[in-house]
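Each residue of the sequence shown is one higher than the one before, counting from 0 in numbering that gives the first Met the number 0. In what follows, a single structure is set out as structure tokens and then discussed.
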Amino acid sequence: MQSHYDDIADVYDQRYDHRERGRIYYDHIAGAVLGKINPSGHLLDIGCGTGLFLERYLKEGTDRTATGIDISPGMIKKARERYPDLPYVVGNAELLPFESDSFDSISSLLAFSYLQNPGQSLSDCYRVLVPGGRLAVCTLGKNIFTSSLPALYSIGAKMKIRRVGVGSFAEHYYSAKEMYDLLDKAGFEEIEIFKCSFAHFNLAGPLFMIAKKVESFIEDNIPYLAYNLIAAGKKPE
Ligand SMILES: C[S@@+](CC[C@H](N)C(=O)[O-])C[C@H]1O[C@@H](n2cnc3c(N)ncnc32)[C@H](O)[C@@H]1O
């Protein structure tokens with residue numbers, strides 16, 4: 000996992016930042032996460048990668064500071080190029096190296112599916128949040144698209160295809176109930192789970208635009224077709 004992201008760190012932003020469809024897709028999921036964390040204060044972004052979400056959090060509000068943690072030194076190096084002065088930690092999100100009650104919010108986008116001990120990780124998130132702190136995770140849901148990914152990724156790994164996320168990493172795709180139970184067990188309250196994103200950046204241009212137009216209808220009415228899940232909760236005051 001770590002070496003995969005070290006290998007693709009220099010091309011990662013082409014996927015979600017440089018290309019228009021990737022940026023629209025990323026803005027959509029980032030907006031959903033931003034809507035569920037506290038509007039100001041110190042944020043911890045878990046699996047921060049090249050800092051795409053840190054950038055949005057810091058630019059779109061006031062009284063905001065942030066820390067990023069990622070297991071890949073290569074991804075952290077790219078994040079440092081984007082925002083040189085932030086505190087970054089190269090480390091495993093499953094054992095957070097932070098004091099208790101340190102953060103007002105925790106975000107994690109497109110990284111949670113890689114965690115092998117999600118319960119342990121969420122308990123640690125709960126520990127490092129201040130009372131009243133909020134967590135929002137955007138992760139791949141169990142759905143019609145992700146059901147074929149393990150097979151495709153394992154073929155990609157054998158063919159040594161150098162593309163973001165292509166490899167055999169024992170990823171887990173979550174149902175809404177699984178995410179609810181994990182947050183509940185970790186102690187969170189005001190738990191919300193909802194589907195997010197139908198217009199995937201891999202769709203060809205015209206199809207992407209059609210998918211974008213029906214996205215909110217799909218998210219509300221045909222959740223099995225939505226790509227990601229947002230899971231959010233609050234640490235009691
Ligand atoms: C698809 S990228 C997402 C990066 C970033 N969150 C974003 O939205 O662009 C997944 C990231 O999760 C990181 N990651 C995977 N497992 C991790 C773990 N156990 N602890 C910390 N980071 C991890 C990878 O190194 C990679 O940077």
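From the three backbone atoms N, C-alpha and C, an ideal C-beta is built for every residue, glycine too.
ask   = Thinking C-alpha only, which one of D44, L108, Q1 and G90 is nearest S196?
value = Residue L108 is the option with its Cα nearest to S196.
query = According to the neighbour-count rule (16 or more other Cβ atoms, all chains shown, within 10 Å of its Cβ), is N37 buried or exposed?
reply = buried
ask   = Which same chain residues, not among the five before or five after E93, have their C-beta less than 8 Å away from its C-beta?
value = L114, Q115, N116, Q119, S120 and D123
request  = Within its chain, find whatever has a CB closer than 8 Å to the CB of Y24; leave out the 5 residues flanking it on each side and keep chain order.
outcome  = In the same chain as Y24, and ignoring 5 residues on each side of it, the C-beta atoms closer than 8 Å to its own belong to Y15, S196, A198, H199 and F200, in chain order.
Residue from Y172, E189, P86 and G60 with nearest C-alpha to L134 = E189
ask   = In the DSSP assignment, what are the bridge partners of R63?
value = Paired residues: G40.
request  = Identify, in the order they occur along the chain, each residue of the same chain with its Cβ nearer than 7 Å to the Cβ of H171, setting aside the five sequence neighbours on each side.
outcome  = S112
task = Give the single residue among L228, A29 and T61 whose Cα lies nearest to the Cα of A175.
result = L228
query = Would DSSP call S196 helix, strand or coil?
reply = coil
task = Less than 8 Å between the CB atoms is what I'm expecting for F102 and L51, so what's the real figure, rounded?
result = In fact, because the Cβ distance is near 19 Å, the residues do not count as touching under 8 Å.
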